[in-house]
Structure formats: structure tokens, C-alpha cells
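Following my numbering, the numbering of the sequence shown begins with 6 at its first residue and continues without gaps. Ideal Cβ positions, reconstructed from N, Cα and C, are used throughout, including at glycine.
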Amino acid sequence: MSTQRAAAIYARQSLDRAEGIDRQLERCKELAEARGYTVVETYQDNETSASKVRGAGTAWARMLREAKDGRFDVLLAVDLDRLLRSLPDLLAITETNVAVLTVDGQLDLTSADGEFRATMLTSIARFETRRKGERQLRANEYRASKAMPNPGRRRFGYESNGREIREAEAVIVRSLFERFREGVSVRSLSQDLVTKGIDPAPGRSWSPRRVRYILQSEVYTGSALYKGQATRSEAVQPIVSAELAEEVRALLSDPTRKTTPGPGVKHLLSGLARCAICDAPLVYMRAYMCRTNLKHVSIQKKSLDPVVRAEVVKAILFAPSDTTKEANGDIPALASKLASNSATVAQLFQDRAEGLIPPDVARSQLIALKGQREAAEKALELARAASATGTFAQLRAGLFTRGWVSIADAAERANQMGAAFDALDLDRQRELVRTLLSVRVEKGRASNRVKVEHLVATSLNDDSEVESE
6 MSTQRAAAIY
16 ARQSLDRAEG
26 IDRQLERCKE
36 LAEARGYTVV
46 ETYQDNETSA
56 SKVRGAGTAW
66 ARMLREAKDG
76 RFDVLLAVDL
86 DRLLRSLPDL
96 LAITETNVAV
106 LTVDGQLDLT
116 SADGEFRATM
126 LTSIARFETR
136 RKGERQLRAN
146 EYRASKAMPN
156 PGRRRFGYES
166 NGREIREAEA
176 VIVRSLFERF
186 REGVSVRSLS
196 QDLVTKGIDP
206 APGRSWSPRR
216 VRYILQSEVY
226 TGSALYKGQA
236 TRSEAVQPIV
246 SAELAEEVRA
256 LLSDPTRKTT
266 PGPGVKHLLS
276 GLARCAICDA
286 PLVYMRAYMC
296 RTNLKHVSIQ
306 KKSLDPVVRA
316 EVVKAILFAP
326 SDTTKEANGD
336 IPALASKLAS
346 NSATVAQLFQ
356 DRAEGLIPPD
366 VARSQLIALK
376 GQREAAEKAL
386 ELARAASATG
396 TFAQLRAGLF
406 TRGWVSIADA
416 AERANQMGAA
426 FDALDLDRQR
436 ELVRTLLSVR
446 VEKGRASNRV
456 KVEHLVATSL
466 NDDSEVESE
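Following this line, the structure appears as C-alpha cells:
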């Protein structure tokens with residue numbers, strides 16, 4: 006006659022698979038009924054590996070605590086592999102002094118013979134785990150040698166096999182690359198994805214970091230990654246061209262690209278308009294205020310933003326005729342040149358500190374690099390101005406046609422240009438302001454306290470004092 010004993014069941018699986026845990030519990034309960042045991046508790050670890058440490062929050066840890074407290078004296082499992090795969094786990098369960106019974110055979114860990122048998126089985130299980138890992142590593146190395154993508158989490162834009170394009174997502178990826186090249190910031194791209202409700206894939210979310218990762222990834226040009234190295238692959242369908250991806254990476258590496266450090270700029274003229282008293286930038290705190298002294302300058306957003314918007318439209322209308330023709334300036338090449346300049350300067354400082362080159366030689370080279378950098382920065386600024394104003398090139402060309410142009414037509418073109426400015430994202434609006442205007446605000450409440458200097462349409466500077474509300 007079977008002795009009535011209190012039993013517990015432990016069930017575990019590495020992957021969340023339907024019926025996996027349920028089937029284990031069913032088989033263990035059948036064993037308990039056959040032996041005449043009373044099941045007092047069940048412990049279930051889903052999506053939990055026995056090859057790794059199972060933490061304090063797992064059912065395994067709770068089972069060990071309650072076993073030591075004497076809640077049960079028999080532990081049931083389908084087989085030893087479901088219960089443990091490491092010697093530390095074997096030691097932990099041995100210290101509880103409970104008997105272990107598996108569906109495929111009994112293990113009594115309270116006896117020397119049972120402990121020896123469990124140790125041997127655990128070592129075999131550990132061996133199988135390591136051998137499986139080695140096989141996986143060899144398989145990954147083989148796929149890498151053939152430029153085939155390794156299995157893993159599905160990459161946005163591709164199917165689970167990592168080779169075939171998921172077109173609905175690929176359209177989004179192409180848009181990210183193209184819009185970034187056009188001047189839209191990483192932050193704005195991320196916000197736009199959230200606003201439009203684009204599905205980021207299960208368990209993921211949109212953030213500037215993730216968008217930047219996508220833009221920097223060489224996989225989207227049809228490459229396979231292995232240990233961080235990209236290899237062109239005939240098996241992986243490209244989503245964007247190599248040329249576009251190279252341009253985007255060059256822009257991302259440009260140290261001067263970020264016009265406004267820090268997150269979350271929400272106002273058109275924060276950091277761009279300046280205090281006429283101390284030349285400090287204005288920041289927004291319920292109104293635009295001098296950053297160094299709040300008593301210097303204060304102006305409401307509704308009084309400043311419309312004035313500057315109107316001046317931007319005027320600047321584009323009356324800019325020199327060749328301004329918008331430079332829209333094809335090689336921004337990525339200039340950005341890459343600046344990045345290379347910065348790297349060379351850093352290396353020179355290091356070489357000088359280590360005594361590899363004399364200080365006077367380093368100084369002369371640094372002076373030359375400074376001149377090259379300033380020239381490249383100026384060229385990049387002009388190229389960006391051309392790129393920004395290129396949005397309005399067609400409207401501007403339509404306005405300045407040969408022959409007579411009515412005032413009504415000109416006014417309509419200006420209205421269209423203003424609407425086009427409003428349709429831009431905040432980063433491109435700010436880039437236009439930074440490129441085209443210098444804005445200063447004087448102390449007081451006079452209607453003409455906003456002083457605008459045109460940096461491109463310099464013919465307008467005779468009319469640089471504009472009225473605000």
C-alpha cells in the first residue's frame with residue numbers, strides 16, 4: 006500500500022508554447038495519483054531556461070524556499086532535464102532533503118546512490134547544452150561565411166528569415182532614410198512614427214535611439230551582420246540603395262549637424278533669437294526670455310514667431326537668384342569632411358601629448374586644420390541653406406517670370422510660401438531661420454523692438470526693424 010505523502014510538481018519550459026506546461030502537469034498528476042501522493046502545490050516557470058541562473062522571482066526559487074520549510078517531501082517532474090541542468094542547482098535541491106521523482110524514473114537525493122546518479126545525469130545534461138551551443142556557433146559561422154543572416158529577432162522591414170522584405174514596413178524604412186537626408190531630424194522622425202501610429206512590432210517602441218539604429222544599420226542595403234561586421238549578401242534583399250545609406254551615415258557622423266543640443270525643443274526661436282542687451286540666446290519659459298538675465302528681455306511667442314515667419318518668407322522671395330540653384334550641394338561629402346577633420350585634430354592632440362610630434366609642428370598643423378574646418382563649415386552652411394530653400398524653389402521661380410507680374414499674384418505666391426513654411430517640421434523651420442536671419446529682441450514693449458538682420462537677402466536690411474504686436 007502506498008504511503009500518503011505530500012507532493013509538489015515543478016514544470017518548466019524555455020519557450021512559451023501552447024500545452025507545453027499543461028502537458029507536464031498532467032503527466033505528473035497521473036504519477037502522483039498512481040503513487041497515492043497528495044499534490045499540495047504546483048510550480049511553473051514559463052519561458053525560463055534551466056541552463057542559466059533562475060532568480061529570486063522565479064517559481065524555482067519559491068519551490069526551494071518552501072521545500073526547506075517542509076511544505077512537501079516529494080518533488081515531481083517530467084524528467085530531470087525539466088528540473089535542472091547545472092551542478093549548483095543539483096546542490097540547491099539536494100540541501101532541501103526532499104525526494105525527487107520523475108515520470109521516467111525515481112531519483113532519491115537523500116541517498117548517496119541517488120545523488121551520484123543525479124550528478125551524472127546533470128553532467129550529461131550540461132554537456133548536451135554546451136554541445137548544442139557549439140553547434141549553434143558553428144552554424145552561425147557557416148552562415149556568416151556564406152553572407153547569410155543569422156536567426157534571431159525579426160528586423161523591422163524584413164520577414165522572420167531576415168532575407169525577404171516585408172513591404173509594408175520597408176516603405177517606412179525608405180521614408181526614414183529619404184526624409185533624414187532631406188533634413189528632418191531623428192527626433193522628429195521618431196515623433197512622427199508615434200503620431201501616425203506606425204506599428205513598431207511586438208514588444209518594441211519607437212524612440213530616437215531606435216530610428217538612429219535603423220539609419221546606421223548596413224543591413225538595409227542588402228548585407229548580413231556577424232559579430233558587428235557587415236558583408237554584402239545576395240540572399241538579403243536591399244531596402245535602400247548603398248549610396249543613400251552612405252549619405253545618411255555621413256550626415257549622422259557630422260558633429261555640426263545638431264543645431265540645438267538637448268532634447269525636446271518645442272518652440273521656433275528657442276536658442277535662435279538673442280537678447281539685444283547681452284547677446285545671450287532667448288529661451289522659452291511662458292514667453293521668450295533672456296537666458297542669462299530674465300530682466301533683460303521678455304516677449305510673448307505670439308508677438309515674435311509671426312514676425313520672424315514673415316521675414317523668412319521675405320528672405321526667400323528676395324534672396325539672390327542663385328541661392329536656390331545650389332540645392333544640390335554635396336552635404337554628405339562636406340559632413341564627412343568635417344568628421345574627418347575632427348578625427349585628425351583629435352589624433353594630433355594625442356600624438357603631441359605622447360611626444361610623437363614636436364609641439365611647434367602640431368601647432369602649425371592644427372592652424373591649417375582650423376582653416377580647413379572653417380571653410381568646410383561655411384560651405385556646409387551654404388549647402389544647407391540651399392537645401393532648405395530648395396523647398397521653395399518652384400514657387401520662387403514661378404513668381405519671378407519674365408514680363409509683368411501683378412501684385413495680387415505676388416501676394417498669392419507669398420501666401421503659398423508661408424503655407425509651405427508652416428507645413429515643414431520644426432527642425433527644418435529652425436534651420437531656415439538660423440540660415441536666413443539674425444534675430445535680436447530689445448528691452449521694453451515697443452512695437453519695433455524686434456531687430457532682424459537678413460544673412461542671405463541682404464538687400465532687405467534697410468528694412469530690418471519690424472513691428473511686433
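Any non-hydrogen atom of the ligand ZN within 7 Å of residue i CB
i	result
Glu46	Only the bare structure without any ligand can be found here, which leaves the ligand ZN out of the picture.
Residue i - DSSP class collapsed to helix/strand/coil
i	result
Asp430	coil
Asn346	helix
Ser1	The structure shown does not extend to residue 1, since the chain spans only 6 to 474, so no value can be given for it.
Asn466	helix
Ser180	helix
Ile98	helix
Ile170	strand
Glu331	Because Glu331 carries a pLDDT of 44, less than 50, the predicted location of this residue cannot be relied on, and the following value inherits that uncertainty. Three-state DSSP puts Glu331 in a helix.
Arg186	helix
Val385	A small fix is needed here, since residue 385 is Leu in this sequence, not Val. If DSSP states are grouped into helix, strand and coil, Leu385 belongs with the helices.
Pro311	helix
Gly41	coil
Asp74	coil
Leu274	coil
Ile26	helix
Gly360	coil
Ala61	coil
Glu447	coil
Gln9	coil
Ala324	coil
Asn420	helix
Ser258	coil
Arg67	helix
Leu299	coil
Ser19	coil
Leu89	coil
Glu316	helix
Glu52	coil
Arg368	helix
Arg158	coil
For residue i, the residue or residues it bridges with in DSSP
i	result
Thr47	Ile14
His459	Leu442
Ala286	First, the amino acid is wrong: residue 286 is Pro here, not Ala. Its beta-bridge partners are Arg279.
Ile304	Tyr293
Tyr163	Ile170
Cut-off 7 Å between Cβ atoms - residues of its own chain near residue i, not counting five sequence neighbours on either side
i	result
Met294	Leu287, Val288, Val302, Ser303
Gln184	For clarity, residue 184 is Arg in the given sequence; the question names Gln instead. Only Leu194 meet the Cβ criterion.
Arg160	Gly167, Val224
Gln434	Leu273, Phe426
Ser190	Asp432
Leu198	Trp211
Val216	Leu181, Val191, Leu194, Ser195
Arg171	Gly162, Tyr163, Glu164
Gly227	Arg237, Ser238, Val241, Gln242, Pro243
Ile177	Ile203
Neighbourhood of residue i by C-beta distance below 6 Å, restricted to the same chain and skipping five residues each side
i	result
Ser258	Ala344
Gly25	Gln18
Tyr48	Tyr15, Ala64, Met68
Leu385	Leu339
His459	Ala320, Leu465, Asn466
Sequence-distant residues of the same chain with beta carbon closer than 8 Å to residue i, five excluded per side
i	result
Gln9	Gly41, Tyr42, Thr43
Val45	Ala11, Ala12, Ala13, Arg76, Phe77
Val446	Ala278, Arg279, Cys280, Ala281, Leu287, Tyr293, Val302, Ile304, Leu309, Arg454, Val455, Lys456
Leu249	Phe182, Glu183, Arg186
Ser464	Phe323
Interface flag, residue i vs chain B, CB-CB below 8 Å
i	result
Val83	In the structure shown, chain B cannot be found, because there is only a single protein chain.
Say whether the region 101 to 109 touches the region 76 to 90, bearing in mind that this needs 3 or more beta-carbon pairs closer than 8 Å, one atom from each stretch.
-> yes
Touch check for the region 250 to 260 and the region 173 to 190: three-plus C-beta pairs under 8 Å?
-> yes
Which whole runs of the beta strand (DSSP E) in the region 190 to 256 are 3 residues long or more, in chain order?
-> 228 to 231, 234 to 237
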